[in-house]
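Position 88 (the sequence shown) corresponds to 89 in my numbering; numbering is contiguous.
No residue lacks a Cβ here, since even glycine has one placed at the ideal position from N, Cα and C.
Given the structure is predicted, the values throughout are model-derived calculations rather than measurements.
Below is one structure, written out as structure tokens; the observations come after it.
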Amino acid sequence: MPELPEVETVRRTLIELVAGKKIKSVTVRLPRIIQRPAVPEQFEDALVGMTIETVERRGKFLRIVMDGLVLVSHLRMEGRYGLFQSEEPIELHTHVLFHFEDGTDLRYKDVRQFGTMHLFTPGTEFELPPLNKLGLEPLEPDFTRDVLFAKLARRLAKIKPLLLNQEYVVGLGNIYVDEALFQAGIHPERTASSLAAGEWDKLHAAICSTLGKAVEAGGSSIKSYVNGQGEMGMFQHQLLVYGRKDEPCHTCGEAIEKFVVGGRGTHICPSCQKAPGQAGKQSTG
Ligand SMILES: [Zn+2]
């Protein structure tokens with residue numbers, strides 16, 4: 002599933018591809034992708050004549066901002082966008098087509114069919130699902146160590162599932178949570194309330210640097226993820242633990258281990274990230 006860096010890369014690419022284009026018509030071939038309005042024909046009709054102004058991002062959601070409507074799009078597992086000439090043959094698994102007046106199409110393709118699209122009048126999208134319960138944006142200036150601490154430090158749950166929960170911090174998925182926890186030297190099964198003050202400093206810094214570097218590299222190409230123009234992100238070559246089971250830790254040489262935390266495959270260095278109980282308990286706060 003694309004995480005924040007991958008969605009950010011898609012966003013940047015999409016702006017280049019579609020900003021300024023005016024929609025002539027829309028074709029919905031798979032109604033279940035359209036979550037709002039309830040009737041796909043209303044979705045198609047509402048978008049006619051709209052001009053795309055920009056593409057923004059909230060967590061893992063794209064916000065395609067037009068002069069009168071906002072389309073909120075989530076790629077989920079394998080959704081992707083591509084720009085085509087309208088006469089080009091339609092590829093398999095293409096579910097929504099935005100036909101522009103200049104003879105091009107923005108096409109949404111999704112093999113797994115889990116992606117979603119919601120249409121809103123501008124401004125209302127933040128008051129309703131799916132954007133209304135989202136937490137902190139980790140690449141924004143207001144994501145500080147103290148804000149992270151205030152949100153999570155008293156929680157008794159394990160730190161990894163807390164970081165995956167989009168109601169606290171948005172955009173982190175399985176890859177970047179494993180990377181950030183490794184970089185901070187924190188075992189994913191530690192409870193949030195067991196982390197020492199200095200560990201919150203490290204965790205905050207690790208989240209910022211991991212995501213920042215991944216955005217710079219254009220995201221990671223894991224399995225089928227490709228950015229908006231069909232290019233591969235390069236961050237997978239910088240991953241320190243994710244996908245490196247049995248390979249040596251770059252810091253200490255110990256073999257990377259993989260096990261399940263909260264139902265998710267999880268990668269750690271057993272030497273750099275001490276298990277709960279092993280970790281030196283320090284004062285919290
Ligand atoms: Zn190590």
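DSSP-derived helix/strand/coil call for residue i
i, result
"Pro249", "strand"
"Glu200", "helix"
"Ser194", "helix"
"Ile269", "strand"
"Arg37", "strand"
"Leu63", "strand"
"Ile208", "helix"
"Arg146", "helix"
"Val49", "coil"
"Gly278", "coil"
"Leu164", "helix"
"Leu153", "helix"
"Gln86", "strand"
"Met2", "coil"
Extent of the continuous alpha helix (DSSP H) to which residue i belongs
i, result
"Thr10", "5 to 19"
"Tyr169", "Premise fails: Tyr169 is in no alpha helix (DSSP H) and is neither H nor E."
"Gln184", "175 to 185"
Under 8 Å between C-beta atoms of residue i and residue j
i, j, result
"Val8", "Leu70", "no"
"Gln274", "Leu182", "yes"
"Leu157", "Ser210", "no"
"Ile65", "Val49", "no"
"Gln36", "Met118", "yes"
"Arg108", "Phe85", "yes"
"Pro6", "Val216", "yes"
"Leu63", "Val11", "yes"
"Leu140", "Gly219", "no"
"Gly104", "Ile53", "no"
"Glu4", "Tyr177", "yes"
"Leu102", "Gly136", "Here the sequence assigns Glu to residue 102, which means Leu is not the residue at that position. No; because the gap between Cβ atoms is not below 8 Å, this pair is not in contact."
"Met67", "Met78", "no"
"Gly83", "Gly116", "no"
Spatial distance of residue i from residue j (CA atoms)
i, j, result
"Thr122", "His96", "23 Å"
"Gln239", "Ala206", "17 Å"
"Ile257", "Leu173", "21 Å"
"Ser225", "Lys110", "At Ser225, the pLDDT of 45 sits below 50, so the modelled position is not reliable and the matter cannot be decided from this model."
"Leu120", "Ile187", "40 Å"
"Arg265", "Glu190", "12 Å"
"Leu149", "Gly199", "13 Å"
"Thr14", "Arg33", "26 Å"
"Asp179", "His268", "6 Å"
"Val170", "Glu88", "42 Å"
"Glu45", "Leu132", "22 Å"
"Leu196", "Lys246", "25 Å"
"Glu128", "Thr252", "45 Å"
"Ser221", "Ala154", "29 Å"
Beta strand (DSSP E) segment containing residue i, residue limits
i, result
"Glu57", "53 to 59"
"Val242", "Premise fails: Val242 is in no beta strand (DSSP E) and is neither H nor E."
"Leu107", "105 to 110"
"Leu157", "Unbroken run through Leu157: none, as it is neither H nor E."
"Lys259", "258 to 262"
"Met118", "117 to 121"
"Ser26", "24 to 29"
"Phe99", "95 to 101"
"Ser74", "71 to 75"
Residue i beta carbon near ligand 2 (any heavy atom closer than 7 Å)
i, result
"Arg37", "Here the bound small molecules are ligand 1; ligand 2 is not part of this structure."
Please list, following the chain, all residues that have a C-beta closer than 5 Å to any non-hydrogen atom of ligand 1. My final list is Cys250, Thr252, Cys253, Glu255, Cys270, Ser272, Cys273.
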